[in-house]
Amino acid sequence: MSIQSFLANHPDFYREGLLFFQRRLARESDFEKAYITLREKEGRVYSDDVVKALPVYRGGAMLEKEWKIRKRSADKLIGYLKKKPFNSILEVGCGNGWLLNYINQSMKIGLLGIDINETELRQAASLFSPNISFACADVDSDLPSSLRADVILLPSALQYFENPIKLITTLITKLNPNGELHVFDSPLYNANEVDAAQSRSKEYFTKQRVEPMKGMYYHHAWNILECFEHVIMHDPRSIRNRVFAKVGTVSPFPWIKIKAK
């Protein structure tokens, strides 16, 4: 059964146009309102034409370097995934769907993106359906036990979850046998760096006048990984990567792989 057929026939989901919704999910959340407000102020709510071209960024010079790094990271991820016999990918926190669309250009497998951000999901569904399925759903709630994937991607999202250990534990249960969870493009800190990072973020949200984000953005330390068998695919702490990150040629964030038990 295809992912789209699964969602269309499961009682926990209903469909509005091209987008699926989890039945028990509250819509227009406070998080979505604060998040979209911040993204608009940062110039990161993109037009359809810009999203369709990502990770090649055609929205001006301000974010060009950031997207060159993201493209390099995405290319490495896809190169890795193509060597494996995977048949399905679930992206948690898919936003406007650019990464799944980029993967779809190289890998013809089942793709599902979920997020609680209805604003960006509607854009994703309008641009990339029916090749990719999108659902407004919360992984912190009870997703159907039968909803599983060979690969789960968690890019640029870990910092929006208060309890990362609970999140990762939940996602591991959603993997098929021999499946893999990939966490990337989110910062991890040494334990003695967390307080300073929290202060910087609070100052930034105050400057942007998006005060609610102070209670919705979390700073996690490397030691959260001690609970899981994992492989560090990209370690920004190495001397080499620290040098290249400063000149903007490699990601300053880690890439972590955790296999299904």
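If you count the sequence shown from 1, position 161 lands on 176 in the working numbering, and the numbers rise without skipping.
Backbone N, C-alpha and C define an ideal beta-carbon position, used for all residues, glycine too.
Spatial neighbours of E226 in its chain, beta-carbon cut-off 7 Å, leaving aside the 5 residues before and after: Translated into positions along the sequence shown, residue 226 becomes position 211. Closer than 7 Å at the Cβ level, and outside the excluded window around E226, lie F220.
Through-space distance from G58 to I51, alpha-carbon basis: Taking the first residue of the sequence shown as position 1, residue 51 is located at position 36. Taking the first residue of the sequence shown as position 1, residue 58 is located at position 43. Going from the Cα of I51 to the Cα of G58 covers about 10 Å.
I84 versus V265: straight-line alpha-carbon distance, rounded: The sequence position of residue 84 within the sequence shown is 69, counting from 1. The sequence position of residue 265 within the sequence shown is 250, counting from 1. Rounded to the nearest angstrom, the two C-alpha atoms are 6 Å apart.
Cβ contact check for the stretch 179–190 and the stretch 158–170: 3 or more pairs under 8 Å: yes
Beta-carbon proximity check, F36 vs F28, cutoff 8 Å: Counted from its first residue, the sequence shown places residue 36 at position 21. Counted from its first residue, the sequence shown places residue 28 at position 13. Going by C-beta atoms, F36 is nearer than 8 Å to F28.
Cβ neighbour criterion (16 or more within 10 Å) applied to G94: Here residue 94 refers to the residue found at position 79 of the sequence shown. The residue is exposed, with fewer than 16 neighbouring Cβ atoms inside 10 Å.
C-beta atoms of L105 and I129 nearer than 8 Å: The residue given as residue 105 occupies position 90 in the sequence shown. The residue given as residue 129 occupies position 114 in the sequence shown. Yes, they are a contact pair.
Whole runs of the beta strand (DSSP E) within the stretch 27–107, excluding any shorter than 3 residues: 28–31, 34–37 and 103–107
Short Cβ contact (8 Å threshold) for S161 with F268: For the purposes of this step, residue 161 is taken as residue 146 along the sequence shown, with counting starting at 1. For the purposes of this step, residue 268 is taken as residue 253 along the sequence shown, with counting starting at 1. No, the pair does not count as a contact, with Cβ atoms beyond the cut-off.
Proximal residues to A211 (C-beta, below 8 Å), its chain only, five neighbours per side dropped: Translated into positions along the sequence shown, residue 211 becomes position 196. Cβ within range, chain order: n/a, list empty.
Rounded Cβ spacing between K56 and Q223 (contact assumed at less than 8 Å): Residue numbering aside, residue 56 sits at position 41 when the sequence shown is read from its first letter. Residue numbering aside, residue 223 sits at position 208 when the sequence shown is read from its first letter. At roughly 5 Å, the Cβ-Cβ gap stays under 8 Å, so K56 and Q223 are in contact.
Counted within 10 angstroms of its Cβ, other Cβ atoms place M228 as buried (16 or more) or exposed: Here residue 228 refers to the residue found at position 213 of the sequence shown. The residue is buried, with at least 16 neighbouring Cβ atoms inside 10 Å.
Exposed unless 16 or more other CB atoms sit within 10 angstroms - verdict on P179: Counted from its first residue, the sequence shown places residue 179 at position 164. Buried: at least 16 other Cβ atoms inside 10 Å.
Start-to-end residues for the beta strand (DSSP E) that takes in F243: Numbered from 1 along the sequence shown, position 228 holds the residue referred to as residue 243. Careful: F243 lies outside any beta strand (DSSP E) and carries neither H nor E.
Counted within 10 angstroms of its Cβ, other Cβ atoms place D90 as buried (16 or more) or exposed: Looking up residue 90 in the sequence shown gives position 75. With fewer than 16 other Cβ atoms within 10 Å, it is exposed.
Own chain residues within Cβ distance below 8 Å of N119, not counting five before or after: Here residue 119 refers to the residue found at position 104 when the sequence shown is read from its first residue. Closer than 8 Å at Cβ, skipping near neighbours: L126, F143, N146 and I147.
Cα-Cα separation, K276 to V246: Mapped onto the sequence shown, residue 276 falls at position 261. Mapped onto the sequence shown, residue 246 falls at position 231. Roughly 14 Å separates the two Cα atoms.
Given A164 as reference, the closest of A152, N191, A139 and L158 once Cα atoms are compared: In the sequence shown, counting from the first residue as 1, residue 164 sits at position 149. Ranking the options by Cα distance to A164, first place goes to N191.
Between the CA atoms of W270 and K352 - distance to the nearest angstrom: Summary: the structure shown does not reach residue 352, with the chain confined to residues 16 through 276, and so no result is reported for it.
Euclidean distance between Cα positions of K80 and N24: Locating residue 80 in the sequence shown gives position 65, where the first residue counts as 1. Locating residue 24 in the sequence shown gives position 9, where the first residue counts as 1. Looking at the two C-alpha atoms, the distance is approximately 43 Å.
Exposed unless 16 or more other CB atoms sit within 10 angstroms - verdict on V71: As a first step, residue 71 is located in the sequence shown; it is residue number 56 there, counting from the start. The residue in question, V71, is exposed, as its Cβ has fewer than 16 Cβ neighbours within 10 Å.
Cross-strand partners of G194 (DSSP beta bridge): Start at 1 with the first residue of the sequence shown, and residue 194 comes out as number 179. BP columns for G194 are empty, so no partner.
Under the three-state DSSP convention, the category P179 falls into: Here residue 179 refers to the residue found at position 164 when the sequence shown is read from its first residue. Three-state result, P179: helix.
Beta-carbon proximity check, L34 vs A152, cutoff 8 Å: By one-based count along the sequence shown, residue 34 stands at place 19. By one-based count along the sequence shown, residue 152 stands at place 137. In this structure, A152 does not lie closer than 8 Å to L34 by Cβ.
Anticipated Cβ contact below 8 Å, F199 with S88, distance rounded: Position 184 of the sequence shown, counted from the start, is the residue given in the question as residue 199. Position 73 of the sequence shown, counted from the start, is the residue given in the question as residue 88. About 7 Å; that satisfies the 8 Å criterion.
Segment limits, alpha helix (DSSP H) that includes K217: For this step, residue 217 is matched to residue 202 along the sequence shown. First-last of the alpha helix (DSSP H) with K217: V209 to K222.
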